[in-house]
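Peer 1: Note that the protein sequences, when read in sequence, are chains A and B. In case it helps, UniProt numbering puts the first sequence at residues 1 to 417. In case it helps, UniProt numbering puts the second sequence at residues 1 to 417.
There are 2 protein chains.
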Amino acid sequence: MKAVLITIGDEILSGNTIDTNSNFIASQLKEIGIPVVQIFTVADTLDSIRKTLETAHQLGDIIITTGGLGPTKDDKTKTAFAEFFNDKLVLDDPTFEHLRKIFIKRNREHLLEINRNQAVVLSKATIFQNENGSAPCQMIQENGKITICLPGVPYEVKPLIKDKIIPFLKHQLSLHYIESQIISVVNFPESLLALKIEDWELALPKNISLSYLPIGNRVKLRLTATGNHLDELKSQLKIEAEKLKPLIGEKVISWNGNEIQEILKEILIQKKLTLSSAESCTGGELARLITSVSGSSKYFLGGIIPYDYHQKISILGVSEKTISEKTVVSAEVAQEMSLGGQKLFKTDISIATTGVSGPNSDEFNNEIGTVFYSIRVKNFEKTNRLFLPHLERNDFANFVSQRVLQDLIEMIIQEEH
Amino acid sequence: MKAVLITIGDEILSGNTIDTNSNFIASQLKEIGIPVVQIFTVADTLDSIRKTLETAHQLGDIIITTGGLGPTKDDKTKTAFAEFFNDKLVLDDPTFEHLRKIFIKRNREHLLEINRNQAVVLSKATIFQNENGSAPCQMIQENGKITICLPGVPYEVKPLIKDKIIPFLKHQLSLHYIESQIISVVNFPESLLALKIEDWELALPKNISLSYLPIGNRVKLRLTATGNHLDELKSQLKIEAEKLKPLIGEKVISWNGNEIQEILKEILIQKKLTLSSAESCTGGELARLITSVSGSSKYFLGGIIPYDYHQKISILGVSEKTISEKTVVSAEVAQEMSLGGQKLFKTDISIATTGVSGPNSDEFNNEIGTVFYSIRVKNFEKTNRLFLPHLERNDFANFVSQRVLQDLIEMIIQEEH
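#1: Using 8 angstroms for Cβ pairs, my map puts K326 of chain B next to D348 of chain B. What's the rounded Cβ distance?
#2: Mark N398 of chain A as exposed unless 16 or more other C-beta atoms lie within 10 angstroms of its C-beta, in which case mark it buried.
#3: Under DSSP, the alpha helix (DSSP H) around P167 of chain A begins and ends at which residues?
#4: Taking 8 angstroms as the threshold (C-beta atoms), are K251 of chain A and V185 of chain A in contact?
#5: Do V121 of chain B and D92 of chain B have their C-beta atoms within less than 8 angstroms of each other?
#6: Pick out whichever of A:A80, A:I304, A:A3 and A:E262 has its Cα sitting closest to the Cα of T354 of chain A.
#7: Quick check: V404 of chain A and R385 of chain A, are their CB atoms within less than 8 angstroms of each other?
#8: In chain A, which residues lie less than 8 angstroms from S292 of chain B when you measure between Cβ atoms?
#9: Can you tell me the Cβ-Cβ gap for N86 of chain B and S191 of chain A, rounded? I've got them flagged as a contact below 8 angstroms.
#10: Measuring only between beta-carbons, confirm whether F387 of chain B sits less than 8 angstroms from chain A.
#11: Cα-Cα, which of A:N130, A:I412 and A:H390 is closest to F380 of chain A?
#12: What alpha helix (DSSP H) runs, 4 residues minimum, are completely inside the region 195-254 of chain B?
#13: Do you know offhand how far K343 of chain B's Cα is from Q261 of chain A's?
#14: Is the beta carbon of I161 of chain A closer than 8 angstroms to that of Q28 of chain A?
#15: Residues of chain B with CB closer than 8 angstroms to the CB of N115 of chain A, please, in chain order.
#16: Which residues in the same chain have their Cβ closer than 8 angstroms to the Cβ of L89 of chain B, if we skip the five residues on either side of it in sequence?
#17: At a Cβ threshold of 8 angstroms, is Q402 of chain A touching chain B?
#18: Who are K145 of chain B's beta bridge partners in DSSP?
#19: Using CA atoms only, rank isn't needed, just tell me which of B:L391, B:A56, B:V4 and B:G68 is closest to S211 of chain A.
#20: Does DSSP put I53 of chain B in a helix, a strand or coil?
#21: Spatial neighbours of F396 of chain B within its chain, please: C-beta separation below 7 angstroms, excluding the five flanking residues on both sides.
#22: Taking the straight line between their C-alpha atoms, what separation do you get for T383 of chain B and Q406 of chain B?
#23: Can you say whether N21 of chain A is buried or exposed, counting buried as having 16 or more other CB atoms within 10 angstroms of its CB?
#24: Would you list the residues sitting across from N360 of chain B in a DSSP beta bridge?
#25: How many angstroms separate the CA atom of H417 of chain B from the CA atom of G369 of chain A?
#26: When we look at the beta-carbon of K206 of chain A and count the other beta-carbons within 10 Å, is it buried (16 or more) or exposed?
#27: Does G303 of chain B have its Cβ less than 8 angstroms from a Cβ in chain A?
#28: Checking contacts by CB at 8 angstroms: is R100 of chain A closer than that to chain B?
#29: Under 8 angstroms, do I166 of chain B and I63 of chain B count as touching if we go by C-beta distance?
#30: Are the beta-carbon atoms of G257 of chain A and I263 of chain A separated by less than 8 angstroms?
#31: Can you say whether E279 of chain A is buried or exposed, counting buried as having 16 or more other CB atoms within 10 angstroms of its CB?
#32: Could you tell me the distance, in whole angstroms, from the CA atom of G152 of chain B to the CA atom of G70 of chain B?
#33: Would Y177 of chain B and L223 of chain B be called neighbours here (beta carbons separated by less than 8 angstroms)?
#34: First and last residue of the alpha helix (DSSP H) that includes Q181 of chain B?
#35: Give the C-beta separation of E156 of chain B and N117 of chain B to the nearest angstrom, bearing in mind that I take them to be a contact with Cβ-Cβ under 8 angstroms.
#36: Could you tell me the boundaries of the beta strand (DSSP E) in which E381 of chain B lies?
In C-alpha cells:
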C-alpha cells in the first residue's frame with residue numbers, strides 16, 4: 001500500500017508559501033504504515049492536475065491532493081477531478097446544509113450564495129465535511145485505488161486528515177505495522193558516525209531500515225521496522241538499539257526522541273527542574289521552541305527578550321560597565337543575562353543568548369554571525385561562542401536555539417556522571 | 001524558460017522534515033523571471049531519481065535537484081546523475097583541495113579521507129564550491145538544458161543559490177523581467193472580495209496575473225507582471241493598483257508588502273513608534289515574528305513571556321485579585337499584561353496575549369482555543385477575543401500572533417482618520 005501526495009497551488013510554486021501539508025500528511029500516513037513514495041507540487045491548471053492524477057495513479061494506491069478548492073477563479077481542482085474520473089459535478093444538499101450552519105455560526109449568512117459553489121461535488125464522491133472551512137473533503141474509490149481531495153489551508157487539512165481520513169483508512173485497509181525509533185547522537189560528525197556503526201548497519205535485519213538526519217551538530221539515526229506483529233517490531237528495535245550502546249552510547253543524548261524540545265521535556269520533568277530564558281539575538285525563538293511542546297508550562301516558567309540593550313540593564317541587571325567594556329555581544333554579557341534571568345524568574349536553569357544575526361552589523365560593530373550563549377544549571381555555568389555568518393536571520397535564530405537546548409541537555413546528562 | 005525542482009530525500013517523504021529548500025529556490029528564481037512549473041519530491045533511490053530526471057527534462061529547461069549528496073550509504077543522487085547523463089564519476093582535485101581547507105578550518109582534518117567521496121563529481125560537470133558544507137554543487141549543460149545538483153542542507157543551499165546559481169543564470173540567459181506587487185486586504189472574505197473586484201480582474205492586461213493568498217482574515221492579492229521593460233511593468237502595476245483604490249481602498253492595510261511583520265516595520269518606523277510584547281499563550285512566537293525582520297531593533301525594545309502565572313503578577317504587576325476573579329485567560333488579565341509591558345519596557349505600544357493553546361486545558365478549566373489579546377497604542381487600548389479550538393499548538397501561536405500584528409496595524413491606520 002503506497003501513497004502519493006499532490007500539492008496544487010501556484011502560491012507554492014512561486015515560493016510564496018511553504019508547503020507544510022505534505023509534511024503533516026506524510027507523517028500521519030507513516031504512523032499507520034503507509035509510506036509516501038512521491039510528492040508532486042503542480043500548477044493550478046486543468047492540464048497539469050489531470051496529468052499528475054494519471055501519473056500518481058500509476059505510482060500509488062492512495063492519492064491525496066491538497067489545494068485548489070477555493071471559491072475564486074484560480075482554483076481548478078474539482079473540474080480536473082471530474083474530467084479524470086469521467087464524472088459530473090452536482091450540488092450536494094448535506095454539504096450545502098453544513099455550509100449554511102458554518103456561515104450562520106460565523107454571522108456570514110449573506111455570503112452563502114457566493115459560496116454555493118463550494119457545495120458542488122463529484123457525483124461519485126464520498127464526502128467528509130470540513131468543520132473549519134467551506135470546501136469539503138471528497139473521496140473516490142475506483143479500481144482498487146483511493147483518491148482523496150482536500151482543501152489547501154493547513155488548519156483545515158490537519159483535522160480532516162487526523163480525525164476523518166486516517167480513521168477511515170485504518171478501518172478500510174488491513175494494514176501492517178510500522179514502528180520507528182530515533183536515536184540522537186551529538187558531537188559525532190555524520191561520516192565518522194557512519195564508519196563507526198558500519199558493521200552494525202550491514203547486519204541489520206532486512207525489515208529494518210536506517211536513515212541519517214543531521215541537524216546542527218546532532219545526528220538523528222532513524223530506525224524503521226515494518227512487519228505484521230507490533231510487539232515483535234518493538235523488541236527487534238530494542239535489541240538493535242542495545243547493540244549500539246557500546247559503540248556510541250556516550251554520544252547519545254536520547255534513545256527515542258525526535259525534537260530536541262521533546263527530549264528536553266522528558267529530562268526536565270524527570271529531574272524536576274525549572275527553566276527560564278533570556279534571549280536577545282534569538283528574539284523569542286528559544287522560548288517558542290521550548291513552548292511548542294504541550295505541557296511545557298510544567299517546567300518553563302518564563303522568558304524575557306531584552307532586545308534593546310537598556311532593557312538588559314534595567315530588567316536583567318546587566319552592568320553598564322560590562323557592556324561598555326565588552327560590548328553587548330560578549331561572553332560576559334551572556335553570563336550576566338543568564339544570572340539576571342535566573343533571579344527574575346526564580347528557576348533552577350537559565351539560558352541566555354546575545355549575538356548579531358545580521359544582515360546589518362550592530363552598533364558596536366561586532367561581526368555578523370557572532371553569538372555568545374550562557375547556560376546556568378543551579379550554580380554551574382557554561383558559556384559558548386558560535387560563529388554563523390552564513391545563516392539567514394530566521395535560520396540563525398533557530399540554529400542557535402536548537403544548539404542551546406542541546407548543550408543544556410548534554411550539561412544535565414554529564415552532571416549525572 | 002521554465003524550471004523544475006526535484007527534492008530528493010526519504011526524510012521529506014516520511015514527514016520528518018519540512019522541505020523549505022523548494023520554497024527558497026522558487027522565490028529566488030521568480031525574482032529573475034523564471035517560473036517553477038513543477039516540484040517533485042522523490043525517494044533516495046537510483047530508479048526514482050533517474051526516472052524523475054527524465055520527466056523533469058520534458059517539463060522544464062532548468063532542472064534543480066537538492067539532497068542525496070551526503071557521505072552515508074543512503075545517498076544515491078550522484079550515481080543516478082552519472083547514469084542519466086551517461087557520464088562517469090571522477091575525483092576532482094580543486095574540490096578535494098577546497099574540502100581540505102574547510103576541514104582544516106574546522107579542525108577536522110582527520111575526517112578528510114572519509115569525506116574524499118564528496119570530491120568525486122561528474123566528469124562533465126561545472127563545479128560551484130560549497131562554502132558551508134562538504135558536498136559541492138554540480139552543473140551540467142546539455143541539449144539546451146541546465147541541470148543543477150545541490151546538497152540538501154538549507155543553510156548550504158541558500159548561499160549557493162543566491163551567490164552562485166542566480167548570478168550564473170542571470171549572466172547565461174537573456175531573461176525577461178518579472179515584477180510583482182502584493183496588496184493586503186483585511187476583513188474582506190475572499191469570495192466577497194473576488195466578487196467586488198471581478199470586473200477589474202477581467203480587464204487586467206494579458207501580461208498581468210492575479211492570485212489570492214488568504215492568511216487568517218487577511219487576503220493577499222498578488223499581481224505579477226512579466227515583460228521586457230522593467231519600468232513599463234512598474235508603471236502598469238501602479239495603474240492597476242490605483243484602479244483598486246475606490247473599490248477596496250479602505251480595507252487595504254498595505255499596497256506593497258508581503259509579510260505582516262514587514263508591513264508593521266514600515267508603519268512603526270514611519271511613525272516613530274516603539275513596541276514591546278507580553279505574551280503567554282503565544283510563547284515567544286509574537287516576538288519571534290516581530291524580530292524576524294532585519295532592523296526590528298529600531299522599534300522593538302523587548303518582550304516578556306510570563307508563562308507561569310506567578311510571573312504575570314511579580315514581573316508585570318497583574319493583580320492577584322483579577323486572576324482569582326477572572327482567571328488568567330480573561331480580557332482583564334490581557335489588559336493588565338499590556339499595561340505592565342508598556343511600563344516595563346517604556347514603549348509607545350504594548351501588545352499582550354493570554355489563552356489556552358491545548359491540547360490540555362489549563363488549571364482554571366478555560367476552554368481550549370480561547371485567547372484574549374490586548375493592544376495598547378499610547379493611551380488607547382483595545383481587547384479582542386479569539387476562539388481557535390481547531391488549531392494545533394504551533395499554528396495557534398502563529399495565527400494569534402499574525403492576528404495581533406494585523407489588528408495593531410489597523411488600529412494605527414484608523415487613528416489617522
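Glycine is no exception: its CB is placed at the ideal position from the N, C-alpha and C atoms.
Peer 2: Taking the structure as given:
#1: Contact flag wrong, Cβ pair sits at about 27 angstroms.
#2: buried
#3: I166 to Q172
#4: Result yes, Cβ atoms of V185 of chain A and K251 of chain A sit closer than 8 angstroms.
#5: One thing to note: V121 of chain B has its Cβ within 8 angstroms of the Cβ of D92 of chain B.
#6: For T354 of chain A, the closest C-alpha among the options A:A80, A:I304, A:A3 and A:E262 is that of A:I304.
#7: no
#8: Residues of chain A passing the Cβ test: G283, R393, N394 and A397.
#9: 29 angstroms between Cβ atoms; not a contact.
#10: no
#11: Sorting A:N130, A:I412 and A:H390 by C-alpha distance to the C-alpha of F380 of chain A places A:I412 at the top.
#12: Here the runs fully enclosed are 198-202 and 230-248.
#13: 32 angstroms
#14: Result yes, Cβ atoms of Q28 of chain A and I161 of chain A sit closer than 8 angstroms.
#15: S191
#16: K78, T79, A82, V120, V121, L122 and S123
#17: no
#18: Its beta-bridge partners are B:E142.
#19: B:G68
#20: Going by the sequence as given, residue 53 of chain B is Leu instead of Ile. Correct three-state label for L53 of chain B: helix.
#21: S357 and L388
#22: 14 angstroms
#23: buried
#24: According to DSSP, which records beta bridges pairwise, N360 of chain B is partnered with nothing at all.
#25: The predicted model places H417 of chain B with a pLDDT of 48, which falls under 50 and marks its position as unreliable; any figure quoted below should be read in that light. Going by the C-alpha atoms only, they are around 43 angstroms apart.
#26: exposed
#27: yes
#28: Interface criterion not met: the Cβ of R100 of chain A is under 8 angstroms from no Cβ in chain B.
#29: no
#30: yes
#31: buried
#32: 8 angstroms
#33: Annotated as distal: Y177 of chain B and L223 of chain B, with beta-carbon spacing of 8 angstroms or more.
#34: Element bounds for Q181 of chain B: not the alpha helix (DSSP H) but the beta strand (DSSP E), Y177 to V186.
#35: So it is not a contact: roughly 17 angstroms between Cβ atoms.
#36: Counting along the chain, the beta strand (DSSP E) containing E381 of chain B begins and ends at F380 to F387.
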